[in-house]
Amino acid sequence: MTDFEYVQPMNNIFLLTGGNLGDRRANLQLACNLIEQTIGSLVALSKIYETAAWGITDQPSFLNQVLHIQTPLSAHDVLNKTLAIESQIGRTRTIKFGPRIIDIDLLFFNNEIIQTDNLIIPHPEIQHRRFVLEPLNQIAAAYIHPILKKTVSQLLADCTDPLEVTVYSD
1 MTDFEYVQPM NNIFLLTGGN LGDRRANLQL ACNLIEQTIG SLVALSKIYE
51 TAAWGITDQP SFLNQVLHIQ TPLSAHDVLN KTLAIESQIG RTRTIKFGPR
101 IIDIDLLFFN NEIIQTDNLI IPHPEIQHRR FVLEPLNQIA AAYIHPILKK
151 TVSQLLADCT DPLEVTVYSD
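Per the numbering used here, the sequence shown runs over residues 1 to 170.
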């Protein structure tokens with residue numbers, strides 16, 4: 001008889017981190033560190049991008065970064081962990097599209113389509129937001145959106161969002 005060790009299957013997820021309050025770069029780094037500690041292994045991360053605020057435009061510009069993570073966690077567990085990380089860093093939810101110290105969005109979970117009261121995957125606004133598509137394209141250009149059946153690079157080419165997204169440099 002041989003010893004058998006169960007290996008938890010890994011899920012591939014893409015997270016968008018962003019923020020426009022405080023030390024924006026340090027907050028993204030802290031979020032990345034906490035994600036690695038509590039959610040899973042970092043496979044790839046995009047450069048950091050800067051863009052004007054989307055939605056409510058009279059606020060500081062945002063820094064954003066996309067992370068590709070492998071995790072044994074379920075999508076709902078990832079959501080709960082990201083909400084806990086946001087809270088730990090100091091996020092308070094007051095105004096929709098308002099300024100925030102950190103925001104972590106779950107963009108994709110494998111190729112799954114999930115629609116529950118508190119979680120929709122793929123994130124329903126990916127194709128409309130250049131600040132999501134630019135960093136996502138950098139690390140996952142060939143990834144196919146499971147509903148729209150287009151690659152990330154095709155979604156970026158088709159995106160009509162006029163906001164300029166630039167690589168951030170200190």
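C-beta atoms are modelled at their ideal positions from N, C-alpha and C, and glycine is treated no differently. All values derive from a computational prediction rather than experimental measurement.
- [ ] Check each candidate in D170, I48, R93 and name the one with the smallest Cα separation from I139.
- [x] When the alpha-carbon of I139 is set against those of D170, I48, R93, the nearest one is in I48.
Task: Distance CB(L73)-CB(I39) smaller than 8 Å - done: Against a cut-off of 8 Å, the Cβ pair of I39 and L73 comes out as a contact.
TODO: Apply the 10 Å Cβ neighbour rule to L148 and answer buried if 16 or more other Cβ atoms are within range, or exposed otherwise.
DONE: Exposed.
Task: Residue span of the alpha helix (DSSP H) that contains A26, given as start and end - done: For A26, the enclosing alpha helix (DSSP H) covers residues 24-38.
Task: 8 Å Cβ cutoff met for L45 and L63 - done: Against a cut-off of 8 Å, the Cβ pair of L63 and L45 comes out as no contact.
Open item on the list: Measuring CB atoms only, is the stretch 76-92 touching the stretch 51-62, in the sense that at least three cross pairs come out at less than 8 Å?
Closed with: Short answer: they don't touch.
TODO: Assign S41 to one of three DSSP states: helix, strand, or coil.
DONE: Three-state DSSP puts S41 in a strand.
- [ ] With distances taken Cα to Cα, identify the nearest neighbour of V78 among D58, D105, S169.
- [x] Nearest C-alpha to V78: D105.
Open item on the list: Report the CB separation of Q65 from L28 in whole angstroms; it is logged as a contact under 8 Å.
Closed with: Sure, about 5 Å apart at Cβ, within 8 Å.
Task: Y163 - DSSP class collapsed to helix/strand/coil - done: Per the sequence shown, residue 163 should be read as Leu rather than Tyr. The answer is coil: DSSP assigns L163 none of H, G, I, E or B.
Task: Continuous alpha helix (DSSP H) assignments of at least 4 residues falling wholly in the stretch 62-109 - done: Counting only runs of 4 or more, we get 75-89.
Open item on the list: Measuring straight from C-alpha to C-alpha, what distance separates S153 and N12?
Closed with: Annotation: S153 to N12 spans about 19 Å, alpha carbon to alpha carbon.
TODO: Label T57 either buried or exposed according to how many other C-beta atoms from any shown protein chain fall within 10 Å of its C-beta, with 16 as the threshold for buried.
DONE: It is exposed - the Cβ of T57 has fewer than 16 other Cβ atoms within 10 Å.
Open item on the list: 8 Å is my cut-off, CB to CB: does H68 come that close to chain B?
Closed with: The displayed structure is made up of one protein chain only, and chain B is not part of it.
Open item on the list: Between D23, P9, L16, which has its C-alpha nearest D170's C-alpha?
Closed with: The residue with the shortest Cα to Cα distance from D170 is D23.
- [ ] Compute every distance between the C-beta of L45 and the non-hydrogen atoms of the ligand FMN, then say whether any falls below 7 Å.
- [x] Only the bare structure without any ligand can be found here, which leaves the ligand FMN out of the picture.
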